[in-house]
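Residues 109 to 527, numbered by this note's numbering, are exactly what the first sequence covers, in order. Idealized CB from N, CA, C, for every residue including glycine. These notes concern the structure reproduced below.
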Amino acid sequence: MYALVDAVSFYASAEKVFDPAIRSKPVVVLTNNDGCVCAICPIARRLNIPKFGPYFKVKHLLEQNNVVIRSSNYELYADLSDKMMNIIARFCDTQHIYSIDESFLHFDGYTSLIKDWHEYGHTIRRTVWRETKLPVGVGFGPTPTLAKAANHAAKKLSGFNGVAVINSEQTRQAILQRMSCEDVWGIGRRLAKKLKIMNIQTAWDLAQQNPRAMRRAFSVVVERTVSELNGITCLNWDDVRQDKREIYSTRSFGERICEPTALKTALINHVTTVANKLRAQRSLTHQLYIFAASGAHENKYYKKSFVYKFPSPTNDTCVMANAVSEVFNKIYQPGIRFYKCGVGAVELISEQFQQNDLFNKSPDNPKLMQCLDTINKRYGKGMLSLASSKLNDRWHMNRDFLSPQYTTRWRDIPKIYCE
DNA sequence: TCTGGGGTCCTAGGACCC
DNA sequence: TCTGGGGTCCTAGGACCC
Numbered sequence: 109m110y111a112l113v114d115a116v117s118f119y120a121s122a123e124k125v126f127d128p129a130i131r132s133k134p135v136v137v138l139t140n141n142d143g144c145v146c147a148i149c150p151i152a153r154r155l156n157i158p159k160f161g162p163y164f165k166v167k168h169l170l171e172q173n174n175v176v177i178r179s180s181n182y183e184l185y186a187d188l189s190d191k192m193m194n195i196i197a198r199f200c201d202t203q204h205i206y207s208i209d210e211s212f213l214h215f216d217g218y219t220s221l222i223k224d225w226h227e228y229g230h231t232i233r234r235t236v237w238r239e240t241k242l243p244v245g246v247g248f249g250p251t252p253t254l255a256k257a258a259n260h261a262a263k264k265l266s267g268f269n270g271v272a273v274i275n276s277e278q279t280r281q282a283i284l285q286r287m288s289c290e291d292v293w294g295i296g297r298r299l300a301k302k303l304k305i306m307n308i309q310t311a312w313d314l315a316q317q318n319p320r321a322m323r324r325a326f327s328v329v330v331e332r333t334v335s336e337l338n339g340i341t342c343l344n345w346d347d348v349r350q351d352k353r354e355i356y357s358t359r360s361f362g363e364r365i366c367e368p369t370a371l372k373t374a375l376i377n378h379v380t381t382v383a384n385k386l387r388a389q390r391s392l393t394h395q396l397y398i399f400a401a402s403g404a405h406e407n408k409y410y411k412k413s414f415v416y417k418f419p420s421p422t423n424d425t426c427v428m429a430n431a432v433s434e435v436f437n438k439i440y441q442p443g444i445r446f447y448k449c450g451v452g453a454v455e456l457i458s459e460q461f462q463q464n465d466l467f468n469k470s471p472d473n474p475k476l477m478q479c480l481d482t483i484n485k486r487y488g489k490g491m492l493s494l495a496s497s498k499l500n501d502r503w504h505m506n507r508d509f510l511s512p513q514y515t516t517r518w519r520d521i522p523k524i525y526c527e
């Protein structure tokens, strides 16, 4: 049995945790640079605001309805996420954190110990609410995809009240028949549209298809999804938690950037992030993809990218930052108003399989990296960093509606006044 | 609902080779 | 000069997720 536990509109709920005054109000959260609406609390959902639609298009609607607007406060969300995940982990000894607010639990071996899955799900919900004031939904199912479907039912379909269990043929059919294809994990809008033409409307319709035929018509992903909907585990536990094959860090700027130092500083910060993530999953990269671009809505769209190939695979921040410096002049062009840039590690291999070059000694310094990671882990992210990542700070993003970092910054700690 | 964020995976198709 | 075959590698773009 698998479970999927996630928060109800996590970012919006997180904003309400330390600000009880807005708990009964409609709240939305915007993406980086306040570009799009990315979280809509259940109260605000009544206004039919399109999720991931551009903010400027709904600005008027939000103002008219006195909707509370917040910029993404990742420092706060990451910390609340940690707290929430730790609580959920108490309920199962194998947890896979899938995203900032979702985790899969795999109840392998103690399926017979839990008599009442509904009750167990409600206990998880109550505990998380009591300790964090975050509302969560819980779905149980025999495969990860069915657990996802149950989670959808728990939160979106009437009569479930936050917990849904697929543990029989009847419950599977009942839930899948009430879900459209588009609500199935792995089926997006495009695929749903094509499926509709084939008269495949509900999740149940999709489950009735021949997996092989679906592979031929679409892809292996759809084939797997169909099997999973029928209780055949394809995304087995090892797959769900597999190492990433690509790691990217990209951002758009709060204002257009023209100076080379600002662009370079941004790229160095991205490469630092990518190197950290590589070391965290014990991978090395053969290649680094580096790009910068002007705004997509500008008259003349400019995008320049470069793939840097390392003589031997690396996850060393210094080595990777040098690569950025080396190709920087091929990407930067004076006069361009840069809007976005980023770095990606592609073609990853596990540290275990590292092959040293007989003739070229690797420039990596694993001990230095280990020291850097230890210090940053102990004293906070970014405590120790490359000087070149601090040269120019004009590349930061806009966050005009930012709430305080209640839990991660001393001066933002909530104050309680007594009379 | 053509979408002003960010991240990851998959695949079609081009380049090149024998 | 065009076309037939078959394989690998690489890249851009499609599609999905939150």
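Close Cβ partners of GLU210 (< 6 Å) along its chain, the five nearest in sequence each way excluded: Translated into the one-based positions of the first sequence, residue 210 becomes position 102. So the list reads ASP114, once near-sequence residues are dropped.
Residues bridged to ALA325 (per DSSP): Working through the first sequence from its first residue, we reach residue 325 at position 217. DSSP, once it has assigned bridges, lists no residue as partnering ALA325.
Three-state secondary structure assigned by DSSP to LYS372: On the first sequence, position 264 is the one that residue 372 refers to. Looking at LYS372 - three-state DSSP - the assignment turns out to be helix.
Rounded C-alpha distance that separates ASP190 from ASN318: Walking along the first sequence from the start, residue 190 turns up at place 82. Walking along the first sequence from the start, residue 318 turns up at place 210. Those two C-alpha atoms are separated by around 41 Å.
Cβ-based burial, VAL415 [other Cβ within 10 Å; buried from 16]: Here residue 415 refers to the residue found at position 307 of the first sequence. Classification for VAL415: exposed.
Local conformation of GLN526 per DSSP, three classes: If you number the first sequence from 1, residue 526 lands on position 418. Gln is not the amino acid found at residue 526; the sequence shown has Cys there. The answer is coil: DSSP assigns CYS526 none of H, G, I, E or B.
LYS412, DSSP secondary structure in three states: Taking the first residue of the first sequence as position 1, residue 412 is located at position 304. The answer is strand: DSSP assigns LYS412 an E or B state.
Cβ contact (3+ pairs, closer than 8 Å) linking the segment 435-445 and the segment 407-414: yes
Residue burial classification, ASN156 (beta-carbon count within 10 angstroms, cutoff 16): Taking the first sequence and counting its residues from 1, the one referred to as residue 156 is at position 48. Flag for ASN156 reads exposed.
Complete runs of the beta strand (DSSP E) confined to the segment 153-215 [at least 3 residues]: 176-179, 203-207, 210-214
Inter-residue Cα distance where the pair is THR422 and ALA370: Sequence index remark: in the first sequence, residue 422 carries index 314 (1-based). Sequence index remark: in the first sequence, residue 370 carries index 262 (1-based). Taking the straight line from one Cα to the other gives about 25 Å.
Spatial distance of GLY161 from CYS144 (CA atoms): As a first step, residue 161 is located in the first sequence; it is residue number 53 there, counting from the start. As a first step, residue 144 is located in the first sequence; it is residue number 36 there, counting from the start. Going by the C-alpha atoms only, they are around 5 Å apart.
Simplified DSSP assignment, three categories, for LEU284: Here residue 284 refers to the residue found at position 176 of the first sequence. Reduced to three states, the DSSP call for LEU284 is helix.
Cβ distance (whole Å) where GLN285 is taken to contact THR253 below 8 Å: Taking the first residue of the first sequence as 1, we reach residue 285 at position 177. Taking the first residue of the first sequence as 1, we reach residue 253 at position 145. Not really, about 16 Å apart at Cβ, beyond 8 Å.
Secondary structure, alpha helix (DSSP H): runs of 4+ residues fully inside the segment 439-509: 474-487
Environment of ILE521 [buried if 16+ CB atoms lie within 10 Å]: Taking the first sequence and counting its residues from 1, the one referred to as residue 521 is at position 413. So ILE521 counts as exposed.
N-terminal and C-terminal residue of the beta strand (DSSP E) that TYR514 is part of: Within the first sequence, the letter at position 406 stands for residue 514. Per DSSP, TYR514 belongs to no beta strand (DSSP E) and is neither H nor E.
Inter-residue spacing [alpha-carbon to alpha-carbon] between ILE483 and MET491: Position 375 of the first sequence, counted from the start, is the residue given in the question as residue 483. Position 383 of the first sequence, counted from the start, is the residue given in the question as residue 491. Roughly 7 Å separates the two Cα atoms.
Cβ-Cβ separation, LYS263 to VAL116 (assumed contact under 8 Å), whole Å: Start at 1 with the first residue of the first sequence, and residue 116 comes out as number 8. Start at 1 with the first residue of the first sequence, and residue 263 comes out as number 155. Yes, they are in contact, since the Cβ atoms of VAL116 and LYS263 sit about 6 Å apart, within 8 Å.
Helix, strand or coil at HIS378 [DSSP, three-state]: Within the first sequence, the letter at position 270 stands for residue 378. Correct three-state label for HIS378: helix.
Helix, strand or coil at SER360 according to DSSP, with G and I counted as helix: Residue mapping note: residue 360 aligns to position 252 of the first sequence, counting from 1. In the structure shown, SER360 sits in a strand (DSSP, three-state: E or B).
Beta-carbon separation (whole angstroms), THR450 vs ARG359, contact threshold 8 Å: Taking the first sequence and counting its residues from 1, the one referred to as residue 450 is at position 342. Taking the first sequence and counting its residues from 1, the one referred to as residue 359 is at position 251. A small correction: the amino acid at residue 450 is Gly; Thr does not occupy that position in the sequence shown. Going by Cβ atoms, the distance from GLY450 to ARG359 rounds to 7 Å, so yes, they are a contact pair.
Collapsed DSSP secondary structure at SER402 in the structure displayed: Along the first sequence, read from residue 1 onward, the residue named residue 402 stands at position 294. Reduced to three states, the DSSP call for SER402 is strand.
Integer Cβ distance of ILE283 from ILE232, believed to fall under 8 Å: As a first step, residue 283 is located in the first sequence; it is residue number 175 there, counting from the start. As a first step, residue 232 is located in the first sequence; it is residue number 124 there, counting from the start. Rounded, the Cβ-Cβ distance is 19 Å, inconsistent with contact.
Near the ligand GTP: ALA197 beta-carbon under 7 Å from a heavy atom: Among the components modelled here there is no ligand, and therefore nothing to report on the ligand GTP.
Three-state secondary structure (DSSP) of GLY229: Position 121 of the first sequence, counted from the start, is the residue given in the question as residue 229. GLY229: helix per DSSP, three-state reduction.
Run of the alpha helix (DSSP H) containing ILE305, from where it starts to where it stops: Stepping through the first sequence from its first residue, residue 305 is reached at position 197. Its alpha helix (DSSP H) spans residues 297-305.
Enclosing beta strand (DSSP E) for LEU112 [first to last residue]: Taking the first sequence and counting its residues from 1, one reaches residue 112 at position 4. Counting along the chain, the beta strand (DSSP E) containing LEU112 begins and ends at 110-115.
Opposing strand residues paired with VAL135 [DSSP bridges]: Looking up residue 135 in the first sequence gives position 27. DSSP, once it has assigned bridges, lists VAL176 as partnering VAL135.
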